[in-house]
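J.:
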Ligand code: 13P
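Residue numbers (the numbering used here): 1 to 253.
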C-alpha cells in the first residue's frame, strides 16, 4: 500500500526572521501545483508565525520542533500546543534525538509531549532511533521498540491516523553517513509490524513513517522507493532551497 509522501524540513536552531522568510518563500515557489505529496517545515519557534504568513495558501504545513503538554502555566522555556496552533503550526516534532541526547528527554517525558500534542489537535511526529553503540551492540530493534512502545503509551488507535513516526538513526544525523536503503527499510518494516501488533493492521498500513539522517538530493530517490519509507525528515539539506526542492521532487527509482 502506498501512503501519501511527506517531506519535512527541520530547520533546527537556524534562521533569523529574514533568512527564514526568504527560505520559506523560495521553498513555496517550488511547491506550486504539488498535489500528490505533503511538505511541512519546522522552523524555530521565534519565526513560526512569520513563516506562516509567507506560506499561507501554498499548501505547505508548519510544525514546531517540540511541544509541551499543557495549554499554559509555569513551564519556563516551553511552548504550549495552543501557542503552536496560534502561530500557524499544525504539527510538532517530538522526541528528536537532539532532545533525547543533549537535553536528556526520556521516553516518559516524550510520551507526555505526544499525548499533549494530540489532545490539542497537533500532529505529533515521534522520532525514534538508535545510537552507533546501540547498533553495533545489536540493540537496534530493542531500542526502537522501547521508543515506539513508550512514546505511544496511552495513544488510542483513533489518534494514530493523526500521528507520524520518524526513524532517525542517531549515527546518521548530520554525519553525511546515511543509512543504506536496506538498513532503513529493515527498521521501517520492523516499526510497521510493531504498530500492527500494538493496534491493527489498518493502523499500521496507514501510518506514515519518515526516514531522517543525512537525506540529500542524491539519496532521496532510492530511499523513497522502499516499501515502508513514506517520507523524509531532513535537516541540513532543508536549509538550502535548491537541495530541498530536489528532495521534495523525488522520483522513485
Ligand atoms: P540531517 O539531515 O542534517 O542529517 O538531520 C536529520 C535530522 O535530524 C532531521 O530531524
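Every residue gets a Cβ at the ideal spot worked out from N, C-alpha and C, and that includes glycine.
Only a predicted model underlies this, so the values are computations on that prediction, with no experimental measurement involved.
(1) Compute the Euclidean distance between the alpha carbons of residue 87 and residue 145, then round it to the nearest angstrom.
(2) Under 8 Å by Cβ, that's how I've got residue 233 and residue 166 pegged, so tell me the actual separation to the nearest angstrom.
(3) Between which two residues does the beta strand (DSSP E) harbouring residue 10 extend?
(4) By a C-beta neighbour count over all protein chains shown, 10 Å radius and 16 as the cutoff for buried, is residue 65 buried or exposed?
(5) I'd like the ranges of any alpha helix (DSSP H) spanning at least 4 consecutive residues and lying wholly in the segment 103-173.
(6) If contacts are defined as beta-carbon pairs under 8 Å, then residue 90 and residue 62 qualify, I think. What distance do you get, rounded to the angstrom?
(7) Compare the Cα-Cα distances from residue 244 to each of 225, 215, 21 and report the closest residue.
(8) What is the DSSP secondary structure of residue 34, reduced to helix, strand or coil?
(9) Whole-angstrom Cβ separation of residue 231 and residue 8, contact assumed at under 8 Å?
(10) Return the CA-CA distance between residue 53 and residue 85, expressed in angstroms with no decimal places.
(11) Count the other CB atoms within 10 Å of the CB of residue 223; is the residue buried (16 or more) or exposed (fewer)?
(12) Out of 164, 35, 227, state which residue places its alpha-carbon closest to the alpha-carbon of residue 124.
(13) Where does residue 91 sit, in a helix, a strand or coil, going by DSSP?
(14) Less than 8 Å between the C-beta atoms of residue 179 and residue 229, yes or no?
(15) Between which residues of its own chain and residue 177 is the CB-CB distance below 7 Å, once the five residues before and five after are set aside?
T.: In terms of the structure at hand:
(1) 33 Å
(2) 5 Å
(3) 6-10
(4) buried
(5) 107-119, 132-136, 140-151, 157-160
(6) 6 Å
(7) 215
(8) coil
(9) 7 Å
(10) 13 Å
(11) buried
(12) 164
(13) strand
(14) no
(15) 171, 214
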